[in-house]
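**Student:** With my numbering applied, the sequence shown has no gaps in its numbers, which climb one by one up to 427 at the end. Handing you this structure, nothing more for now.
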Amino acid sequence: MSDPRFSPYPEAFSRRTFLGAALTGAALLGADHALAAGSGLAAKPPAGFVPLSIPGKVAKVAKSNVMQPNGLWPTEGAAKVMLERVMAELTGKSDLGEAFAKFVHKDDKVAIKPNGIAGQKGATMATNRELILEVVRGVMAAGVPASQIMIFEQYPKFLEGTRIWDRHKGPDPALPAGIATAVHENEDATMPERSVMGIPTKFVRPFTDATAVINLGLIKDHSICGFTGCLKNITHGATINPHAFHQHNASPQIAELYAQDVVRSRVRLHIIDGFKLIYDEGPLDKNKKRRVLHEAVYATTDPVAMDTLGWGILEQWRKDNGLPTLKDAGREPTYIRIASELGLGVYDKNRISLREVTL
69 MSDPRFSPYP EAFSRRTFLG AALTGAALLG ADHALAAGSG LAAKPPAGFV PLSIPGKVAK
129 VAKSNVMQPN GLWPTEGAAK VMLERVMAEL TGKSDLGEAF AKFVHKDDKV AIKPNGIAGQ
189 KGATMATNRE LILEVVRGVM AAGVPASQIM IFEQYPKFLE GTRIWDRHKG PDPALPAGIA
249 TAVHENEDAT MPERSVMGIP TKFVRPFTDA TAVINLGLIK DHSICGFTGC LKNITHGATI
309 NPHAFHQHNA SPQIAELYAQ DVVRSRVRLH IIDGFKLIYD EGPLDKNKKR RVLHEAVYAT
369 TDPVAMDTLG WGILEQWRKD NGLPTLKDAG REPTYIRIAS ELGLGVYDKN RISLREVTL
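The following block contains the structure:
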């Protein structure tokens, strides 16, 4: 196969090839935000149910002194009260079950995707079990049976990083009976192969088996794409070959992957665990000086708006600590802007509505 335009491998792509493919994707979506790469794999909500979608709206709840004595994990009480309030600010429903019922129906199969890669050694910077447990309780309070809820991650050590599961002990005893946990190890996929940016890929079974996905991301610097929050936790945490989509700062690959109908039709809610953040040397928790307290929880239906705000938070921390901007560091997360151009959310900060509450 001598012509690099037809190679399935990312090494063969030039920057021009990638950008050309991005423009093609934008044309496919068009002004009416039609689904990209329609395949018949789009999930459908239960009959008569319309999940809430509020483009451009992000809710944030902050509270000080919420961490356990080790400074790494929030207290269970803080996770509960902050999730309840942020969901109320997003939906207008003070009851947690009623708030989650805006996004999930009793007949949905719900997958919850945390981010555990930076918690795998010492559980230092992963989506916290305290928040995961409250999200599970909220989904169940909305009427979804435990047997229809799954928490999944990429590798066993990533899921262990969240402290919600242990390879020797199994699920956390605090998880309600019947909640499933799974790891896919970039192998467990049953959907037909599809081409994204000329690269064959599949989304994994724990993701495609679900009709609704709740994304539990973080705010972190990333050595390849500059920033990882909502979009990348799905695109590179639920495909069989994420490393094939890393070239050129993973842009526009992250945007193109998220634009697939199999993704857009499933992910209904993004909750950001902002108790801590990493503003440099991410995505792993390599330098504790770059991991700082943030003590906030965010909720949104718009991954682009949230990633735009998260990127800005990192830039401020970098500036305050004498570090170059992500652009000057050679890893500007341009995929966030491209995702907006593909109709995936709001990038213009003047059109993002941030509802902030301090408890």
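Backbone N, C-alpha and C define an ideal beta-carbon position, used for all residues, glycine too. Since we're looking at a predicted model, the values are computed, not measured.
(1) Would you call the region 300–307 and the region 177–184 in contact, with 3 or more CB pairs under 8 Å?
(2) Residues in its own chain within less than 7 Å of N301 by CB, not counting five upstream and five downstream?
(3) So, does the region 234–241 touch the region 262–281, judging by three or more C-beta pairs under 8 Å?
(4) Among L325, E349, F343 and G294, whose alpha-carbon lies nearest the alpha-carbon of G380?
(5) Rank G297, V281 and H316 by C-alpha distance to the C-alpha of R334 and give the top, closest one.
(6) Would you please state the rounded distance, in angstroms, between the beta carbons of M218 and P310? I believe it to be under 8 Å.
(7) Starting from L337, follow its DSSP beta bridges and name the residues at the other end.
(8) Would the beta-carbon of L151 fall within 8 Å of that of V365?
(9) With H, G and I counted as helix, E and B as strand and the rest as coil, what does DSSP make of I381?
(10) Among the candidates R336, S291, L299 and A367, whose CA atom is the shortest distance from the CA of L352?
(11) In angstroms with no decimal places, state the Cα-to-Cα distance between I340 and A367.
(12) Starting from the N-terminal side, write out each stretch of the beta strand (DSSP E) that is 3 residues or longer and does not extend beyond the region 211–285.
(13) Rounded to whole angstroms, what's the CA-CA distance from P260 to H252? Just pull it up for me.
(14) What are the partner residues of F295, as DSSP defines its beta bridges?
(15) How should L410 be labelled, buried or exposed, when 16 other C-beta atoms within 10 angstroms of its C-beta is the threshold for buried?
(16) What distance in whole Å lies between the Cβ atoms of A169 and A210, which are believed to be in contact at a cut-off of 8 Å?
(17) Quick check: the region 124–139 against the region 310–328, are at least 3 beta-carbon pairs closer than 8 Å?
(18) Using a Cβ distance threshold of 8 Å, determine whether the region 395–406 contacts the region 136–156, with at least three qualifying pairs required.
(19) Take G342 as the anchor and find which of K112, A257 and A147 has the nearest alpha-carbon.
**Tutor:** Result, derived from the coordinates:
(1) yes
(2) Counting from one through the sequence shown, the residue named residue 301 turns up at place 233. So the qualifying residues of the chain are K181, N183, N283 and G285.
(3) no
(4) One-based indexing of the sequence shown puts residue 380 at position 312. With distances taken between Cα atoms, G380 lies closest to G294.
(5) On the sequence shown, position 266 is the one that residue 334 refers to. Considering only alpha carbons, the answer is V281.
(6) Within the sequence shown, numbered from 1, the residue matching residue 218 stands at position 150. Within the sequence shown, numbered from 1, the residue matching residue 310 stands at position 242. Going by Cβ atoms, the distance from M218 to P310 rounds to 20 Å, so no, they are not a contact pair.
(7) On the sequence shown, position 269 is the one that residue 337 refers to. Paired residue(s): I282.
(8) As a working note, residue 151 is residue 83 in the sequence shown. As a working note, residue 365 is residue 297 in the sequence shown. Yes, Cβ-Cβ distance for L151 and V365 is below 8 Å.
(9) For the purposes of this step, residue 381 is taken as residue 313 along the sequence shown, with counting starting at 1. Correct three-state label for I381: helix.
(10) Here residue 352 refers to the residue found at position 284 when the sequence shown is read from its first residue. The shortest Cα separation from L352 among R336, S291, L299 and A367 belongs to S291.
(11) Taking the sequence shown and counting its residues from 1, the one referred to as residue 340 is at position 272. Taking the sequence shown and counting its residues from 1, the one referred to as residue 367 is at position 299. About 6 Å.
(12) 217–221, 248–251, 262–264, 267–269 and 280–285
(13) What you label residue 260 is simply residue 192 of the sequence shown in a count that begins at 1. What you label residue 252 is simply residue 184 of the sequence shown in a count that begins at 1. If I take the Cα positions, the gap works out to 16 Å.
(14) Numbered from its first residue, the sequence shown carries residue 295 at position 227. For F295, which the question treats as bridged, DSSP gives the partners D289.
(15) Translated into the one-based positions of the sequence shown, residue 410 becomes position 342. The residue is buried, with at least 16 neighbouring Cβ atoms inside 10 Å.
(16) Translated into positions along the sequence shown, residue 210 becomes position 142. Translated into positions along the sequence shown, residue 169 becomes position 101. Yes, they are in contact, since the Cβ atoms of A210 and A169 sit about 4 Å apart, within 8 Å.
(17) no
(18) no
(19) To locate residue 342, count along the sequence shown from 1; it is residue 274. Selected option, being the one with the closest Cα: A147.
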